[in-house]
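Chains H and Y supply the protein sequences, listed in that same order.
The numbering used here puts the first residue of the first sequence at 6, with every later residue one more than the last.
The numbering used here puts the first residue of the second sequence at 66, with every later residue one more than the last.
Everything below concerns the one structure shown next.
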Amino acid sequence: MRAGMILQRWVKRSGRLGVRLLLALAMLIATGMGLSAQPGKGVGTATPSEKRSGSPTSEQGAEFFEKSIRPLLSEHCYQCHARANNMAMGGLQLDSRAAFDKGGKHGPLVQRAQSEKSLLLTAVSYQDKSLQMPPKGKLPDAQLALLRKWVMMGAPWGSNSSALPSPAAPFDIASRKQHWAWQPLKPATPPHVKNSAWVKTPVDAFVLAKLEANHLMPTPPADKRTLLRRVTYDLIGLPPTPAEMDAFLADNSPNAYEKVVERLLASPHYGERWARHWLDLVRYAETDGHEFDFDKPSPWEYRDYVIRAFNADIPYNQFVAEQVAGDLLSTPRLNPTDGGNESAIGTGFWWLGEGTHSPVDLQADEATRVDNQIDVFSKAFLGLSLGCARCHNHKFDAISTRDYYALWGFLKSSRYELTDVAAPVKREPTVRALRELQTQMEPLWIKSTAGNLSQALLGFRETLLAQRTERGTRTVNLKASSVPEAWAKYVHEVAAKDLNDPLYGWATLGEEKPDSLPGKRDALIRTLQAAADKAKQDAKSIEVFEDFRHPDYTGWFTTGEAFGAAPSRTALLVDSAKNRLTGVMGPGVADSGGVSGRFQGTLRSRTFTLAKGRIWLHMAGKDAQVNLIVDGFQRIRAPIYGGLNLHLDNPTTPTWMSIDVTKWIGQRAYLEFLDRGSGSLAVDRIVFSDGGPLPEAPNPLVIALLKDPAVNSAEALAGKLQALFQETDRLWATGKLAQDPDAEARLALLNWMLRNPALAPATASEMPLALRTLVEKRKVLEAALPEPRRVMAMVDGSPEDEPVHIRGNYKTLGENVPRRFLEAIAGAHQPVPPVGSGRLLLAQRLTDGSDPLLPRVAVNRIWQHHFGEGIVRSPDDFGVMGERPTHPELLDYLATEFVRQHWSFKAMHRMMVLSNTYRMSSLPTSKADEADPQNRLLHRMPVRRLEAECIRDAILTVSGRLDPTLYGPSVMPYLTDFMQGRGRPGASGPLDGAGRRSLYIGVRRNFLSPLFLAFDYPVPFTTIGKRTVSYVPAQALALMNNPFVVQQAETWAKRALAEPNKTSRERIDGLYLAAFGRPATEAEANAALAFLTDQEGANGKTEDLRAWTNLCHVLFNVKEFIFVN
Amino acid sequence: MHCKRFRENPLTRREMLAQCANGFGLTALTALLAEEARAEPKPAALNPMAPKPSHFPARAKSVIFLFMDGGPSQVDTFDPKPRLAKENGEAIKMQVPPTQFDNVGKVLKSPWEFKPYGQSGIPVSDLFPHVATCVDDLAILRSMTSEFSEHTNANYFIHTGFGMQGRPCMGAWTTYGLGSVCQNLPGFVVLNSGLIPPGGMDCFTSGFLPASYQGSVFRNGGSPVADLDRTEPSEKLQQDKFALMHRLDQSVLERMGGHNDRVEAAIANYELAYRMQTAVPDLMDVKGETEATRKLYGLDDPYPQTQLYGQQCLIARRLIERGVRFVEVLCPSVGADRWDQHGDLRTGHTNNARAVDKPIAGLLKDLKSRGLLDSTLILWGGEFGRTPMAQGTDGRDHNPFGYTVWLAGGGVKGGTIYGATDDYGYYAVENKASMHDLHATMLHLLGMDHKRLTYRFSGRDMRLTDVYGEVIRDILA
């Protein structure tokens, strides 16, 4: 009410100016005046006064600039000319007044004295062939007209501030922080009450004090049956069984109720019930929604994590910290049962939102995604809506636009990851053993292969020479020849045709006589040198992004074990099918398969700006992937984005592969290498190029060899070649190759030898026994590696701050905002995160107890689920627009106790449900109801309708169909004919959901269960702390005619009839006890009996299943079934 | 006896039930059933769907939204561009923004001729020969824009004013604002002719508004409403079950102290549900319509999709007659695709137009002859338009920068053209209209100020038009 009035007053006060402006605009449109290139068809951007006087006021000029020119500049120019984008082509930046005035290398854009001749208009008019902007194409005429008009106006500039000033009072954080919610917790002592005997837990003192102050009495306690049904639904979401009811009724001990509460809190179903409340807060869903409703990977892992966390009563601050930064905790919380990393699963909460699979604009998509993350973060944990601050300072709350973008930076610096959370402890010994094994295997591979090579190279000179002699006679009979057929073929058919082949020189000079050889040799050297020079020249336009020659992964991020702690100097490529070494990558390589193909992990680059048209990667691998993540866009799919993904299937030969990025020049991206534990990936060079990859060139060692004056005959040449190859082989065998000054050239020669068909028989010979033993040993170890268990999680990326998006538009960027928590909570001066994204710091700030909102919001949510309404009745909004607490002292008392009692939910439940307040009846009492019609004083308990899930779970419970299994992948929802559209799963799930509790029914965004939706199941798009409760005919239709309900009625009837030796009256009581927790009254039983008699009479038999099914069906429809009182 | 004093929440009370709670039995239920379809509406405070007063006198009482799923091409329907014929096959001479498929082809002239129609002489292409005869009733918005190039975002945007899922759609806002005159049928009905738009049921959601305002999607063929048909083999059995349920419900109410608004609201649901069991089959049964009417809607057309869509348009009229507030009619499947011709524009648009042209014209004429057009706002349009240049060689890609929708009836000035695109028909350049403007105009015609139709959610007074929107007054009659 109060906030509404404030709003109205504000609209009245601040609206006046706006109204005047609108009026002016309307007049302009009506009179057909305007600025458009087509006179008389007003675009409606100027004001009448401007038209009259010809010189707009500065406000009008600024308005025109902001409305028409800044968006235009942003759309067409800022990609190349904006400080915010780090782009200043031609020295020109257009995103600030000062930079605009300064101009670029051609000078200022606008000469104010002679506006028509301005450089700006010349460039955009495309009159001058040498200066045409924007380069992609001429602007539409209408936009040209706007620019011309603007220049004629004297190029007025708009606001340079980060955000437009709020139309409300100026943003003054100190005064706004006066709002109650920002105040520190006020430790309160339970107040003194007259009727102190009524106080069971401190809660009662606060409630009773208010009632007494209003001269009201609490309603008498509910009967035991009502209380048990109430507390059982509240704590585990299921109805009490008749046996539980009997036990409670029979227990006359003074702490009978306390025992029940402890039993329920210890029940694993407690976690299920409260997890579902939590899932409402984090827009939990298992698909991406959007057009095709793609599945998210194992989202149920997050749901199960939440259930386990509630059952284990994990301190709430820990629970929150895990969701914000569980991946970064120095000691992650491990699952006591299976050793899995629980903390990391928590970060999945960031990724539960809706997702677009083919956005046209990736930056807009990122803005939408991050906005949703901030929205959910702020509402779920803090009860604040930060969303407003995306475009302007919050109109009422102490939340600035800078606060919003300060949080944005944390997310921009973080990345999506499918992380393996399977018992790290179980994995580590095997990983260590495999690494150890590899240190033994690698030398054996090299020794064996190098030894074979050296054997094969022994007669190399003679082989070459012999081949020459025979060729010289022109009577080559390769079959009969003493020369190995393969070499002859190679030299003739390959080497002779490839300038870059190490034997090209031999193929050219080998048959020359000593007198002609030197001349030919000099010509050859010139040719090769020219080719080498050209390659060098060509390479100048290519930017080497990474060659992994650093001693560590600086600038890179790894997860898992596959890529190791640092790049390798070289990596061996082994053809595992043939047990043969086929190549050596390096000198500097990131290698995920070196130790074991079963290792899994990721390697991600720093974030960089895309500047050249292609990214080339020199890689080998199998069953591994490379993704280019542009602006955080993860859902890479054909046809639009298929090109951002490379799939490797070349385990034995490195290849240059490329990604075309021309569409995203100027945007931010990072590379992602994924080895999911079934393959391998090695990469040794990554280059950015507008054309091809690094050009190939003749081997410099071969050129150097030819330049040697001693190479004056074929014999000398063959000898030198043999020596070069042998030396290379020797360096490798002795482990000195990677350190050699010519390492790269040496490696090229080595790889040439390893892949040379003529040498193949040598390298393909039998694996030595020692190596074979180790290979077998490795297989055994690999089998012991636990299967990866991949969950959606977050990891750190390059630390980056986000500039303010002026009016929420990412195309108009303002000043950079360092990453920090809300100023109103943590102050203006917060330390800059020392490393990484800073999410860990954010989590600490949020949960260290200094933030009063976190505990207040949490205890309020618990209260709401027990008492129907929160102490603050707007649970997701504690701001000025939200409701004031009905019992502020109680709220702070609970919040303080919550923190003191280690943020324990269960402690809060005890304090609440053991209170006399909670035990009150819901029966109306006229005096109190009149005085407190909305029950804001809590003079009685409310009657509450059950949530959709509880209704379905109750049906399954009473029918006996409930399968109480916990956890696991969701059950496919039952798909009716009415659930149509793209992304519809191929097959429906079972009608009864396999008997599983409702929280295990798959939450498919585009195919939410109509039964659930009818009962106000939330659409998962933002935090829903309070579901709407509505009454629609679809509810009645469902309970009357839905085949699931009808089916369960029969199951229930069968169950009821199966009990032996019961009278119908006893059976009816049994049904009532199961459904409503009480026996039927005489009148109810008589009505039911009459109904049965009628039915059974018609069907001609007693205990007729059809009759009892009908009765059970009616009981599902009796309203008591869906209400708790 | 407690007399309406004990209430959970004053906003959800049902006075009528409070008055007759003790005597409310099957007799009362059947008595209700016998009432006219336009039964005396219940007081607004007690029934979320009860009619509510508008902010100012309304021009239109109800809306029929003919959603052209996929995005019809503006330059092939209502926005002729001679320049396309002149430069057919040439590269387009303007800067082209990134399109959905970024497979930019040459300028593609429209395969259809445009001719002037009616007194207004407004040109319409050969795709819509029947609608063309109604052109003097249409206000054609040639400068419509969207903010999204993708179907799903754009579908959410045109339906809810926001590009992501979870916001209430137009129909939900309308029934939230005005309730519904009809108490035997849902106030907001979506007629599914076969194609659910990308984005799915969230195009018809009540979002953060209570579930009462959800769209009820009527299936085409079979029983149109989920769980509507009684499962009992005989009507008598169902009546017997109702009777028992009612007695037991009364017992429950008594146990709760005689009155409880929420429980009574749940009981009241069964009345409407029960009434719907008769009202819906009655609605769907068009046998009573004259031969002339059936022909008018194309029910005799040789093209099955025309018959199907004609049937839906006829049902839309019958819904409006019964006082339903908001009806959305979805497109039928014509084989290849909805209006989303990335290739083979000629075949795809021909079939899509053929399916809807005669039925839409029939609907306009039928409403007019019955005097219902003045109080019914017809809204025709897709989530965006299409590019003037080809995608590949013979298709058109998505274009949110300038396209055409039209309005008719309900306070709209017929025979009007509003706004213009550039010479190619790519960008709206004159009187650019935003989606929020369209929504604001629709609400205005319904008598609602789009700035005052708000719902408090997560700390904000939410609106269909967010913080934007201007009523397009030039098209108001």
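Glycine included, every Cβ here is placed at the ideal spot set by N, Cα and C.
Predicted, not measured: the structure shown is a model, and the values here were computed from it.
**Message:** Distance check for residue 967/H and residue 991/H, CA to CA, integer angstroms please.
**Reply:** Position 986 of the first sequence, counted from the first residue, corresponds to residue 991/H. Position 962 of the first sequence, counted from the first residue, corresponds to residue 967/H. If I take the Cα positions, the gap works out to 26 angstroms.
**Message:** Give me the residue from 530/Y, 421/Y and 116/Y with the minimum Cα distance to residue 248/Y.
**Reply:** Counted from its first residue, the second sequence places residue 248/Y at position 183. Closest option to residue 248/Y, Cα to Cα, is 116/Y.
**Prompt:** Within this structure, are the beta carbons of residue 851/H and residue 859/H separated by less than 8 angstroms?
**Reply:** Taking the first residue of the first sequence as 1, we reach residue 851/H at position 846. Taking the first residue of the first sequence as 1, we reach residue 859/H at position 854. Yes; because the gap between Cβ atoms is below 8 angstroms, this pair is in contact.
**Request:** Please state whether DSSP places residue 453/Y in a helix, a strand or coil.
**Result:** Residue 453/Y sits at position 388 when you count from the first residue of the second sequence. In the structure shown, residue 453/Y sits in a strand (DSSP, three-state: E or B).
**Item:** Sequence-distant residues of its chain with Cβ nearer than 7 angstroms to residue 1054/H (five each side left out)
**Value:** In the first sequence, residue 1054/H corresponds to position 1049, counting from 1. Answer for residue 1054/H: 1114, 1117, 1118 and 1121, listed in chain order.
**Prompt:** Taking all protein chains shown into account, do 16 or more other C-beta atoms lie within 10 angstroms of the C-beta of residue 397/Y, making it buried, or fewer, making it exposed?
**Reply:** Here residue 397/Y corresponds to residue number 332 of the second sequence, with the count starting at 1. Burial call: buried.
**Prompt:** Name the chain H residues that come within less than 8 angstroms of residue 166/Y, Cβ to Cβ?
**Reply:** Taking the second sequence and counting its residues from 1, the one referred to as residue 166/Y is at position 101. Residues of chain H passing the Cβ test: 644 and 645.
**Asked** Got a sec? Which residues, its chain only, sit under 7 angstroms from residue 257/Y by beta carbon, not counting five neighbours each side?
**Response** Against the second sequence, residue 257/Y aligns to sequence position 192. Cβ within range, chain order: 282, 283, 284, 285 and 395.
**Prompt:** residue 347/Y versus chain H: which residues are under 7 angstroms apart at the beta carbon?
**Reply:** As a working mapping, residue 347/Y is identified with position 282 in the second sequence. Residues of chain H passing the Cβ test: none, with the nearest at roughly 16 angstroms.
**Message:** Taking the straight line between their C-alpha atoms, what separation do you get for residue 109/H and residue 293/H?
**Reply:** The count along the first sequence starts at 1 and reaches residue 109/H at position 104. The count along the first sequence starts at 1 and reaches residue 293/H at position 288. Their backbone Cα atoms lie some 45 angstroms apart in a straight line.
**Item:** Proximal residues, the segment 262-281 of chain Y versus chain H, C-beta separation under 8 angstroms
**Value:** 262, 263, 264, 265, 266, 267, 270, 272, 273, 274, 275, 276, 277, 279 and 281
**Asked** At a Cβ cut of 7 angstroms, what residues of the segment 1035-1049 of chain H count as close to chain Y, listed as they run along the chain?
**Response** If the cut-off is 7 angstroms between Cβ atoms, the segment 1035-1049 of chain H has 1035, 1036, 1037, 1038, 1040, 1041, 1042, 1043, 1045, 1046 and 1047 near chain Y.
**residue 128/H: contacting residues in chain Y (beta-carbon distance under 9 angstroms)** = Within the first sequence, numbered from 1, the residue matching residue 128/H stands at position 123. Within 9 angstroms Cβ-Cβ: nothing; residue 128/H doesn't reach chain Y, min ~14 angstroms.
**Request:** Provide the residue span of the beta strand (DSSP E) that contains residue 204/Y, from first to last.
**Result:** Stepping through the second sequence from its first residue, residue 204/Y is reached at position 139. Looking at the DSSP string, the run of the beta strand (DSSP E) that includes residue 204/Y is 203-209.
**Alpha-carbon to alpha-carbon, residue 932/H and residue 870/H** = Taking the first residue of the first sequence as position 1, residue 870/H is located at position 865. Taking the first residue of the first sequence as position 1, residue 932/H is located at position 927. For residue 870/H and residue 932/H, the distance between alpha carbons rounds to 26 angstroms.
**Prompt:** Can a CB atom of chain Y be found closer than 8 angstroms to the CB of residue 928/H?
**Reply:** Working through the first sequence from its first residue, we reach residue 928/H at position 923. Interface residue, yes.
**Request:** Count the other CB atoms, across all protein chains shown, that sit within 10 Å of the CB of residue 535/Y; report buried if there are 16 or more and exposed otherwise.
**Result:** The residue labelled residue 535/Y in the question sits at position 470 within the second sequence. So residue 535/Y ends up on the buried side.
**Asked** Can the beta-carbon of residue 186/Y be found closer than 8 angstroms to that of residue 171/Y?
**Response** Looking up residue 186/Y in the second sequence gives position 121. Looking up residue 171/Y in the second sequence gives position 106. Cβ distance not < 8 angstroms, so residue 186/Y and residue 171/Y don't count as in contact.
**Message:** Please confirm whether residue 881/H has its beta-carbon closer than 8 angstroms to some beta-carbon of chain Y.
**Reply:** Taking the first sequence and counting its residues from 1, the one referred to as residue 881/H is at position 876. Yes - at least one Cβ of chain Y is within 8 angstroms of the one on residue 881/H.
**Message:** Using CA atoms only, rank isn't needed, just tell me which of 658/H, 521/H and 679/H is closest to residue 564/H.
**Reply:** Along the first sequence, one-based indexing puts residue 564/H at 559. For residue 564/H, the nearest C-alpha among the options comes from 679/H.
**Item:** DSSP-derived helix/strand/coil call for residue 250/H
**Value:** Residue 250/H sits at position 245 when you count from the first residue of the first sequence. Helix, per DSSP.
**Request:** Give the residues from the segment 291-323 of chain H that approach chain Y closer than 9 angstroms (Cβ to any Cβ), ordered along the chain.
**Result:** 294, 295, 296, 297 and 298
**Message:** Let me make sure I understand the geometry here. Which of 605/H, 687/H, 658/H and 641/H has the alpha-carbon closest to that of residue 1140/H?
**Reply:** Residue numbering for chain H in the displayed model covers 6 to 1130; residue 1140/H lies beyond these limits and cannot be assessed.
**Prompt:** chain Y partners of residue 1010/H, CB-CB under 7 angstroms?
**Reply:** Taking the first sequence and counting its residues from 1, one reaches residue 1010/H at position 1005. Simply 230.
**Item:** Rounded distance between the beta-carbons of residue 495/H and residue 761/H, thought under 8 angstroms
**Value:** Here residue 761/H refers to the residue found at position 756 when the first sequence is read from its first residue. Here residue 495/H refers to the residue found at position 490 when the first sequence is read from its first residue. Rounded, the Cβ-Cβ distance is 7 angstroms, consistent with contact.
**Prompt:** Considering only C-alpha positions, which residue in the set 1006/H, 868/H and 412/H is nearest to residue 843/H?
**Reply:** In the first sequence, residue 843/H corresponds to position 838, counting from 1. Residue 843/H has its Cα closest to that of 412/H, out of 1006/H, 868/H and 412/H.
**Asked** In chain order, what residues of the same chain lie with their CB nearer than 6 angstroms to the CB of residue 443/Y, ignoring the 5 residues before and after it?
**Response** Taking the first residue of the second sequence as 1, we reach residue 443/Y at position 378. Answer for residue 443/Y: 129, 473 and 474, listed in chain order.
**Prompt:** Can you list the residues of chain Y that residue 364/H reaches, using a CB-CB cut of under 7 angstroms?
**Reply:** Within the first sequence, residue 364/H is the residue found at index 359, counting from 1. Going along chain Y in sequence order, the residues near residue 364/H (Cβ under 7 angstroms) are 215.
**Prompt:** Pick from 587/H, 132/H, 268/H and 557/H: whose alpha carbon is nearest that of residue 571/H?
**Reply:** For this step, residue 571/H is matched to residue 566 along the first sequence. Minimum Cα distance to residue 571/H is reached at 557/H.
**Reduced DSSP category for residue 292/Y - H, G, I as helix; E, B as strand; rest coil** = Sequence index remark: in the second sequence, residue 292/Y carries index 227 (1-based). DSSP places residue 292/Y in coil when its eight states are reduced to three.
**Request:** Evaluate residue 549/H with the Cβ neighbour count: other Cβ atoms within 10 Å of its Cβ, from every protein chain shown; 16 or more gives buried, anything less gives exposed.
**Result:** Translated into positions along the first sequence, residue 549/H becomes position 544. Classification of residue 549/H: exposed, given that the 10 Å Cβ count is below 16.
**Item:** Inter-stretch contact (C-beta, 8 angstroms, three-pair minimum) for the segment 638-645 of chain H and the segment 330-346 of chain H
**Value:** In short, these stretches do not touch, since the Cβ pair count stays below three.
**Message:** Given this structure, state the Cα-to-Cα distance separating residue 362/H from residue 253/Y, to the nearest angstrom.
**Reply:** In the first sequence, counting from the first residue as 1, residue 362/H sits at position 357. In the second sequence, counting from the first residue as 1, residue 253/Y sits at position 188. Rounded to the nearest angstrom, the two C-alpha atoms are 30 angstroms apart.
**Prompt:** Could one say the Cβ of residue 1128/H lies closer than 8 angstroms to chain C's Cβ atoms, at least one of them?
**Reply:** Absence of chain C from the displayed structure is noted, the protein chains being H and Y.
**Buried versus exposed, by CB contacts within 10 Å (16 or more), residue 460/H** = Residue mapping note: residue 460/H aligns to position 455 of the first sequence, counting from 1. Exposed, since its Cβ has fewer than 16 Cβ neighbours within 10 Å.
**Message:** Contact defined as beta carbons within less than 8 angstroms: I believe residue 797/H pairs with residue 867/H. What is the distance between those atoms, to the nearest angstrom?
**Reply:** In the first sequence, the residue the question calls residue 797/H occupies position 792. In the first sequence, the residue the question calls residue 867/H occupies position 862. Going by Cβ atoms, the distance from residue 797/H to residue 867/H rounds to 27 angstroms, so no, they are not a contact pair.
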